[in-house]
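Peer 1: Below is the structure I would like to discuss, written out as structure tokens.
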Amino acid sequence: MSDADVAKEMLLPKSTPNGQVLINVPYNPIFVTTISLAFGSIAISTCIGYVLHFEGITSTQCGAPNVIPSISAVTGGFTPERYVWRIGMAFFSSPRIFDSFLLYNFFAASSAARKTWYSILNKINWCFYIGEYLSLFTLTFVSSVENYRKIYLHIVNYRRHQ
């Protein structure tokens, strides 16, 4: 069977014994694309920062020389870099939210899901997963300089999930 036949077979709907329709979607391309979006946006932001704002992104309060800037200096300090980072994180967050539903349904369909404690732990795990990504999303899109009081709760929440 050729690779094209395998790919076509994976994307065709299939029926399970109980009549549900399943679609096999290859997970690796989604994973690689998601990670590439985050890495690509930080790499592009760093390159733009080096070209446009080298002194600003490499300066420190103590005056020590800094050749490699911090992530917060690249993503939050200057205009073009900030928006490249935000767009990259917007596209990064969408598959991660989808991934949370995928994992929840995967664990809910397992044989252990009939047990009450397993179902409760699965729901708690899903809530933490969603909470982490909503906190990351909020930290990315709400400026901590202008909205420090509003963002403080999200900073604490995101740190708790790490």
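For the sequence shown, the positions run 105 to 266 when the numbering used here is used. The beta-carbon is built from N, C-alpha and C at its ideal position, and this holds for glycine as well. Just so you know, these numbers come straight off a predicted model, no measurement behind them.
Report yes or no: do three or more beta-carbon pairs, one from the stretch 135–147 and one from the stretch 206–215, lie closer than 8 Å?
Peer 2: No: fewer than three Cβ pairs fall under 8 Å.
Peer 1: Can you confirm whether the stretch 155–172 touches the stretch 193–209 when touching is taken to mean that 3 or more C-beta pairs between the two stretches lie within less than 8 Å?
Peer 2: Short answer: they don't touch.
Peer 1: Quick one: residues in its chain with C-beta nearer than 8 Å to the C-beta of residue 142, no 5 flanking neighbours on either side, listed in chain order?
Peer 2: Here the set comprises 192, 193 and 196.
Peer 1: For residue 245, which option in 155, 156 and 188 has the closest C-alpha, if you only look at C-alpha atoms?
Peer 2: Nearest C-alpha to residue 245: 188.
Peer 1: Is it buried or exposed for residue 137, if we count other Cβ within 10 angstroms and need 16 for buried?
Peer 2: Its Cβ having fewer than 16 others within 10 Å, residue 137 is exposed.
Peer 1: Short check: CB of residue 152 to CB of residue 130, under 7 Å?
Peer 2: No, these two residues do not count as a Cβ contact at 7 Å.
Peer 1: Going by alpha carbons, who is nearest to residue 134 out of 199, 238 and 218?
Peer 2: Comparing Cα positions, the closest option is 199.
Peer 1: Drop a sphere of 10 angstroms on the beta-carbon of residue 241, count the other beta-carbons inside from all chains shown, and report buried for 16 or more, exposed for fewer.
Peer 2: Classification of residue 241: buried, given that the 10 Å Cβ count is 16 or more.
Peer 1: I need the DSSP call for residue 199, collapsed to helix, strand or coil.
Peer 2: It is helical.
Peer 1: List in chain order: all unbroken alpha helix (DSSP H) runs of 4+ residues lying wholly within the stretch 175–247.
Peer 2: With a minimum length of 4 residues, the continuous alpha helix (DSSP H) runs that stay inside the stretch 175–247 are 175–180, 183–212 and 220–245.
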